[in-house]
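First comes the structure, then the notes that go with it.
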Amino acid sequence: MATVTIPPAEEARDVFKRLGYAIEERGSEFVAERKWRRVQVTPLRAEDAKSPGEILEYGSEGGPRLRCFVTWMDCTEPLQSSLQSAKPPYDWAIIGIEPDGEFQVVHPDPGSAPI
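With positions in the sequence shown counted from 1, the corresponding number in the numbering used here is that position plus 11.
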């Protein structure tokens, strides 16, 4: 199954471009920027989303204070649980990608600001 082994990197770029962000390439990750927002975007394979480990720590020093993890829709719940447990030192959101390209944004709590 492709969604298990391939991170949704191109889908992540498409989502941020549709939302009006400029993309700054940084290998598999990228920084998306619009107005005052700089967001470090990390596409994750299903395995990494379900067991993110140190991926949650990477990039928290000196980088953007906003992070967005992009993964397949069926992997958003375990990733959200990991982030809530880790309590990282940055604001975060998750974008879940559906097989048809549609997406949904998941925040740490319902009152969070949108990406």
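Glycine is no exception: its CB is placed at the ideal position from the N, C-alpha and C atoms.
Do you know how far the Cα of Pro-119 is from the Cα of Thr-53?
-> 16 Å
Buried or exposed (CB count within 10 angstroms, at least 16 for buried), Pro-100 = exposed
Cβ of Val-117 within 8 Å of Cβ of Gln-91?
-> yes
At 4 residues or longer, and completely inside the region 42-100: list those alpha helix (DSSP H) runs for me, N to C.
-> 57-61 and 87-97
Going by alpha carbons, who is nearest to Arg-49 out of Phe-27, Ala-60, Arg-24 and Leu-77?
-> Of the listed residues, the one whose Cα sits closest to Arg-49 is Leu-77.
Bounding residues of the beta strand (DSSP E) (the contiguous stretch that carries Glu-36) = 33-37
Does DSSP put Asp-111 in a helix, in a strand, or in coil?
-> coil
Bridge partner(s) assigned by DSSP for Asp-102 | Leu-77
Residues near Ser-93 by beta carbon distance below 7 Å, same chain, minus five either side | Counting only Cβ-Cβ distances below 7 Å, and skipping sequence neighbours, we find Pro-63 and Leu-67.
Pick from Trp-47, Arg-56 and Leu-30: whose alpha carbon is nearest that of Ser-39?
-> Arg-56
If we ignore side chains and look at the alpha-carbon of each, how far apart do Ser-71 and Asp-111 end up?
-> Here Ser-71 scores only 47 on pLDDT, less than 50, and its place in the model should not be relied on; the value that follows carries that caveat. Between Ser-71 and Asp-111, the C-alpha separation is close to 32 Å.
Of the residues Thr-87, Ala-97 and Arg-29, the one placed nearest Gly-107, counting alpha carbons only = Thr-87
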